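In the working numbering, the protein residues as written are 3 to 159. Backbone N, C-alpha and C fix where the C-beta goes; we use that ideal spot for every residue, glycine too. Since the structure is predicted, the reported quantities are computational estimates derived from the model, not experimental observations. Following: one structure in structure tokens, then a few remarks.
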């Protein structure tokens with residue numbers, strides 16, 4: 003009787019271990035996915051704030067009127083590779099006296115990976131809005147668009 007009870011208990015512990023291992027693995031994947039998501043979210047906010055500060059140093063009247071071969075595009079690409087994704091090539095899409103739109107050349111599921119809107123309207127500061135398509139490992143595999151607006155107001159001195 004004692005031997006049979008021991009075998010039953012051992013089988014039960016094996017089944018319990020398998021169930022706990024599967025549940026713990028799923029929970030761990032969820033925590034890792036959330037950590038990467040929020041890391042990318044806060045990196046996008048830092049990216050947008052830094053771009054806003056750098057463009058404000060150039061000046062509101064010069065940013066939207068610069069030709070496409072200026073130093074703005076390499077600066078944006080350098081910051082994008084630092085905070086978001088390596089080898090992210092950007093290009094000018096729409097330029098006017100009041101706005102500037104820059105997109106990445108790479109796409110995921112038909113959407114652009116990064117879109118940057120720069121508003122050079124009559125306000126004393128430049129406003130920057132960034133949209134980034136986050137491709138997660140587990141939960142957001144089909145893409146989640148993150149939006150960030152510059153949180154600091156940096157008028158030119």
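Beta bridge counterpart(s) of residue i as assigned by DSSP
| i | result |
| --- | --- |
| residue 134 | 116, 148 |
| residue 102 | 97, 120 |
| residue 110 | 113 |
| residue 41 | Per DSSP, none; premise fails for residue 41. |
| residue 129 | 121 |
| residue 92 | 106 |
Residue i versus residue j: straight-line alpha-carbon distance, rounded
| i | j | result |
| --- | --- | --- |
| residue 148 | residue 133 | 6 Å |
| residue 117 | residue 104 | 6 Å |
| residue 18 | residue 10 | 12 Å |
| residue 119 | residue 26 | 42 Å |
| residue 87 | residue 15 | 45 Å |
| residue 139 | residue 65 | 37 Å |
| residue 50 | residue 123 | 18 Å |
| residue 21 | residue 12 | 14 Å |
| residue 94 | residue 107 | 10 Å |
| residue 153 | residue 23 | 43 Å |
| residue 137 | residue 145 | 5 Å |
| residue 150 | residue 55 | 14 Å |
| residue 89 | residue 101 | 25 Å |
| residue 42 | residue 97 | 28 Å |
| residue 52 | residue 141 | 29 Å |
| residue 59 | residue 78 | 14 Å |
| residue 2 | residue 130 | Missing from the structure shown is residue 2; the chain here goes from 3 to 159 and no further. |
| residue 109 | residue 92 | 11 Å |
| residue 39 | residue 85 | 13 Å |
| residue 81 | residue 37 | 21 Å |
| residue 48 | residue 83 | 13 Å |
| residue 44 | residue 73 | 25 Å |
| residue 46 | residue 121 | 18 Å |
Cβ-Cβ separation, residue j to residue i (assumed contact under 8 Å), whole Å
| i | j | result |
| --- | --- | --- |
| residue 99 | residue 143 | That pair is no contact at about 41 Å. |
| residue 75 | residue 128 | In fact, because the Cβ distance is near 16 Å, the residues do not count as touching under 8 Å. |
Quiz prompt | Segment contact, 8 Å Cβ cut-off, at least three pairs: the region 20-31 with the region 104-122 | solution = no
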